[in-house]
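Structure record follows, encoded as structure tokens.
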Amino acid sequence: MAQIKLSNLRHSYMPSPQGPQDYALKEIDVTWRDGGAYALLGPSGCGKSTLLNIISGLLTPSEGQILFDDRDVTALPPDQRNIAQVFQFPVIYDTMTVGENLAFPLKNRGVDPATIKRRVDEIAEMLDVTDMLNTRASGLSPDNKQKISMGRGLVRDDVNAVMFDEPLTVIDPHLKWKLRSKLKELHQRVKATMIYVTHDQTEALTFADEVVVMQEGEVVQIGTPVELFERPQHTFVGHFIGSPGMNVLPCEARGDRALFEGHEVALEGPVAGSGGRTDLGIRPEYVGFGPEGIPAHVTKVADIGRHYVVSAMVGASPVKAVTEHAPPEPGSQVFLQFKPEQTRVYRDGWIATEERAR
Amino acid sequence: MRTENQKAWFFVLPVLALVAFNALVPMMTVVNYSVQETFGNNQFFWEGLGWFEQILRSDRFQAALGRQFLFTALILMIEVPLGIIVALSMPRKGFWVPVCLVLMALPMLIPWNVVGSMWNIFTLPKIGLLGYFLNDVLGINYDMTQQPLSAWITIVVMDVWHWTSLVVLLCYAGLVSIPDAYYQAAKIDGASPWSVFRYIQLPKMKTVLTIAVLLRFMDSFNIYTEPFVLTGGGPGNSTTLLSIDLVKIALGQFDLGPAAAMSLIYFAITLLVSWVFYTLMTKDDAQ
Chain A
1 MAQIKLSNLR HSYMPSPQGP QDYALKEIDV TWRDGGAYAL LGPSGCGKST LLNIISGLLT
61 PSEGQILFDD RDVTALPPDQ RNIAQVFQFP VIYDTMTVGE NLAFPLKNRG VDPATIKRRV
121 DEIAEMLDVT DMLNTRASGL SPDNKQKISM GRGLVRDDVN AVMFDEPLTV IDPHLKWKLR
181 SKLKELHQRV KATMIYVTHD QTEALTFADE VVVMQEGEVV QIGTPVELFE RPQHTFVGHF
241 IGSPGMNVLP CEARGDRALF EGHEVALEGP VAGSGGRTDL GIRPEYVGFG PEGIPAHVTK
301 VADIGRHYVV SAMVGASPVK AVTEHAPPEP GSQVFLQFKP EQTRVYRDGW IATEERAR
Chain B
1 MRTENQKAWF FVLPVLALVA FNALVPMMTV VNYSVQETFG NNQFFWEGLG WFEQILRSDR
61 FQAALGRQFL FTALILMIEV PLGIIVALSM PRKGFWVPVC LVLMALPMLI PWNVVGSMWN
121 IFTLPKIGLL GYFLNDVLGI NYDMTQQPLS AWITIVVMDV WHWTSLVVLL CYAGLVSIPD
181 AYYQAAKIDG ASPWSVFRYI QLPKMKTVLT IAVLLRFMDS FNIYTEPFVL TGGGPGNSTT
241 LLSIDLVKIA LGQFDLGPAA AMSLIYFAIT LLVSWVFYTL MTKDDAQ
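In structure tokens:
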């Protein structure tokens with residue numbers, strides 16, 4: 001068990017990177033608390049797998065340090081870092097039984113047979129695979145295989161952190177949910193630091209206490225699922241998290257108000273800074289309908305079960321709204337109301353409004 | 001009520017016709033010869049299983065069969081491990097991959113009788129580069145035209161040179177299909193290089209290795225051209241393998257009956273051993 005600290009980490013796959021564009025990871029500074037459940041969330045190619053491989057030791061970063069409990073492990077190979085990693089596609093030693101698979105990491109480390117047996121039985125019980133211990137691992141279903149590869153990480157009691165690299169990719173949808181709750185349960189039982197890489201916001205938000213959102217090799221925001229939803233620090237976070245994502249609308253900032261398509265909109269607080277490109281950010285959940293407000297033309301209404309997603313045009317800008325009540329008809333004229341405390345201005349993508357003291 | 005559609009048979013017919021002409025008909029001719037005796041003039045006399053008995057009891061056949069098994073065993077014991085080692089040490093990516101692959105494929109592209117001639121010239125004492133080097137530079141008494149041991153070493157080395165590439169290429173194909181995650185997981189699990197080979201690489205190569213062993217068995221068991229061109233079965237009968245002996249009986253002595261019986265026995269042994277290999281090597285998968 002350990003706290004994991006990444007300090008001034010940068011990585012490039014090129015031998016002599018010229019500028020920031022050559023880096024797969026740009027300047028990462030994060031501290032992960034011992035025993036926490038974290039998710040690395042971002043679209044494909046944002047550098048999250050690179051970051052994971054750097055932590056596990058499969059990659060050596062171009063610059064910066066990795067500290068486990070203040071011990072510098074940057075130069076250590078994976079087997080000396082005491083980490084476990086679960087890969088996108090289940091890795092199983094085909095010729096071994098389930099039990100032998102689970103025992104493999106302990107055997108390689110010269111643990112005595114009695115301890116191996118005790119640990120394997122313990123982990124098998126945790127994973128509900130006790131009845132499969134003596135079957136050949138090659139014939140298992142993908143979800144069981146993934147459980148076994150997870151078990152190989154958990155079987156070592158000295159493990160500092162368990163890392164998951166999109167572990168549910170090959171699992172059937174109806175089993176994904178089951179395996180996810182198993183993971184959550186395991187985290188509570190073994191209390192190891194867990195880092196979960198995914199591009200699926202549902203997986204990230206349900207698994208993690210804290211989510212690290214990445215884009216193009218940069219950490220854009222670290223926060224609890226609620227923080228990410230309520231107050232995205234960057235338009236990317238707003239857009240990437242939530243379904244549908246945050247409305248990002250071009251606007252002009254004027255003190256603590258914004259001018260959007262010629263309409264004045266109240267904001268959560270005064271806008272800081274000047275220059276650059278300004279956008280208005282508001283989640284569809286906080287766009288309401290009323291007798292007055294911003295006139296809009298409804299183009300489409302989608303019924304997605306629990307609520308309706310209304311698409312409307314304000315001038316040339318499309319705006320989405322979510323409502324649980326009877327939605328307006330497509331083609332009708334409505335008035336949109338933006339909830340002021342949830343309406344923000346972003347300058348060049350980053351949040352520019354100050355949070356109003358509550 | 002059977003409502004099965006029998007039309008599928010029509011699609012198989014062309015293949016059946018082809019196989020009938022290039023395999024079944026010639027084979028039946030051989031079966032026909034194997035139970036009859038002829039003295040020319042297209043006159044045949046019924047012989048029953050007499051030829052089979054004669055062949056199986058003959059010292060000459062048994063000796064040739066023994067040599068054949070020895071040759072094939074040596075070939076498999078050298079080429080399979082060597083092929084695996086070479087495949088493991090080949091680069092997986094980068095500039096050298098195509099270079100290695102082409103170099104590996106080269107020996108297999110050379111026609112069999114050319115290989116025989118090449119090695120003949122190469123190893124002849126006084127004339128050949130290797131023959132001269134061994135005898136006159138190193139002072140090793142080597143003459144594959146006179147000494148059985150030299151002849152054996154030469155045909156084995158020639159086959160290893162010619163066909164190890166096949167094992168290498170098949171194993172290499174199996175190796176490159178292993179995802180990186182397996183090696184990474186093994187690293188994290190603290191596996192030794194031997195464990196990586198034993199539990200990851202070997203199991204993943206198993207299918208192609210089965211094919212490699214079967215192909216090398218059948219080819220080396222039926223080998224004719226190369227040793228015939230190189231040693232002609234000599235010195236004496238020391239390198240007279242089954243196929244060489246068979247041709248001697250069939251075309252040299254024109255004993256069509258015994259030759260036909262021997263062909264069938266030869267074929268049956270090849271089939272049987274292939275089946276045993278296949279069953280043994282795929283036994284685990286059936287579980």
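So the protein sequences, as listed, match chains A and B. The first sequence maps to residues 1 to 358 in this note's numbering. The second sequence maps to residues 1 to 287 in this note's numbering. Quick reminder that beta carbons are idealized off the backbone N, C-alpha and C, glycines included. These numbers were taken from a predicted model, which means no experiment stands behind them.
>> My output table needs one value for G276/A: the three-state DSSP class, helix, strand or coil.
In response: Residue state, collapsed to three classes: coil.
> CB-CB under 6 Å to F44/B, same chain, minus the five flanking residues each way: which ones, in chain order?
Replying inline: So the list reads Q36 and T38, once near-sequence residues are dropped.
> For the 8 Å Cβ check, are there 3 or more pairs between the stretch 225 to 236 of chain B and the stretch 195 to 208 of chain B?
Replying inline: When Cβ pairs closer than 8 Å are counted between the two stretches, the stretch 225 to 236 of chain B is seen not to touch the stretch 195 to 208 of chain B, the count staying below three.
> Exposed or buried, N53/A, counting other C-beta atoms within 10 Å across all chains shown (16 or more means buried)?
Replying inline: With 16 or more other Cβ atoms within 10 Å, it is buried.
>> Any C-beta of chain B within less than 9 Å: which residues of the stretch 188 to 207 of chain A qualify?
In response: None of the residues of the stretch 188 to 207 of chain A has a beta carbon lying less than 9 Å from any beta carbon of chain B.
> What does M96/A touch in chain B if you count any residue whose Cβ is under 7 Å from its own?
Replying inline: Here the neighbours are Y199.
>> From the DSSP secondary-structure annotation, give me the bridge partner or partners of N247/A.
In response: Note: N247/A sits in a beta bridge opposite I282/A.
> Does K283/B come within less than 8 Å of chain A when only Cβ atoms are used?
Replying inline: Output row for K283/B: interface = no.
>> Considering Cα atoms alone, identify which of P193/B, P179/B and K204/B is closest to P90/A.
In response: Out of P193/B, P179/B and K204/B, P179/B has the C-alpha closest to the C-alpha of P90/A.
> Helix, strand or coil: how does DSSP classify Q287/B here?
Replying inline: With a pLDDT of 47 at Q287/B, under the threshold of 50, the predicted position of this residue should be treated as unreliable, and no value is reported.
> Name the chain A residues that come within less than 7 Å of P179/B, Cβ to Cβ?
Replying inline: Those are F89, listed as they occur along chain A.
> Which bits of chain B does Q85/A rub up against, with CB to CB less than 8 Å?
Replying inline: Correct list: Q184, A185 and I188.
>> For the alpha helix (DSSP H) containing D245/B, name the first residue and the last one.
In response: Run containing D245/B: L242 to V247, per the alpha helix (DSSP H) assignment.
>> For the ligand MG, is there any heavy atom lying closer than 7 Å to the beta carbon of F221/B?
In response: Among the components modelled here there is no ligand, and therefore nothing to report on the ligand MG.
> Which residues share a DSSP beta bridge with V345/A?
Replying inline: V345/A is bridged to L280/A.
> Secondary structure at Q147/B, three-state DSSP: helix, strand or coil?
Replying inline: When DSSP states are grouped into helix, strand and coil, Q147/B belongs to the coil group.
>> For chain A, check one thing: does any of its Cβ atoms lie closer than 8 Å to the Cβ of P81/B?
In response: No, no contact with chain A.
> Which value, in whole angstroms, describes the spacing of the CA atoms of C46/A and Q215/A?
Replying inline: Their backbone Cα atoms lie some 5 Å apart in a straight line.
> In the DSSP assignment, what residue or residues form a beta bridge with K320/A?
Replying inline: According to DSSP, which records beta bridges pairwise, K320/A is partnered with S311/A.
> Just how far apart, CA to CA, sit Q147/B and L124/B?
Replying inline: Q147/B and L124/B have their C-alpha atoms roughly 12 Å apart.
>> To the nearest angstrom, how far is the alpha carbon of V237/A from that of A204/A?
In response: Distance between the alpha carbons of V237/A and A204/A: 13 Å.
>> Tell me the rounded alpha-carbon separation between Q287/B and V226/A.
In response: Low per-residue confidence applies at Q287/B: pLDDT is 47, beneath 50, and the placement is therefore not dependable, though the value from the model is reported in the following sentence. Taking the Cα positions, Q287/B is about 50 Å away from V226/A.
>> Can you look up A24/A in the DSSP assignment and give me helix, strand or coil?
In response: Here A24/A sits in coil by DSSP.
>> Is P193/B close to chain A? Criterion is C-beta to C-beta, closer than 8 Å.
In response: P193/B does not count as touching chain A.
>> Starting from I84/B, trace the alpha helix (DSSP H) in both directions and tell me its first and last residue.
In response: Looking at the DSSP string, the run of the alpha helix (DSSP H) that includes I84/B is D59 to S89.
> Going by the CB atoms, is the gap between D200/A and I171/A shorter than 8 Å?
Replying inline: Not closer than 8 Å, so no.
> Since W152/B contacts T239/B with CB under 8 Å, what's their CB separation in whole angstroms?
Replying inline: Yes, they are in contact, since the Cβ atoms of W152/B and T239/B sit about 6 Å apart, within 8 Å.
>> Per DSSP, what are the beta-bridge partners of K5/A in this structure?
In response: Under the DSSP definition of a beta bridge, K5/A partners with T31/A and L67/A.
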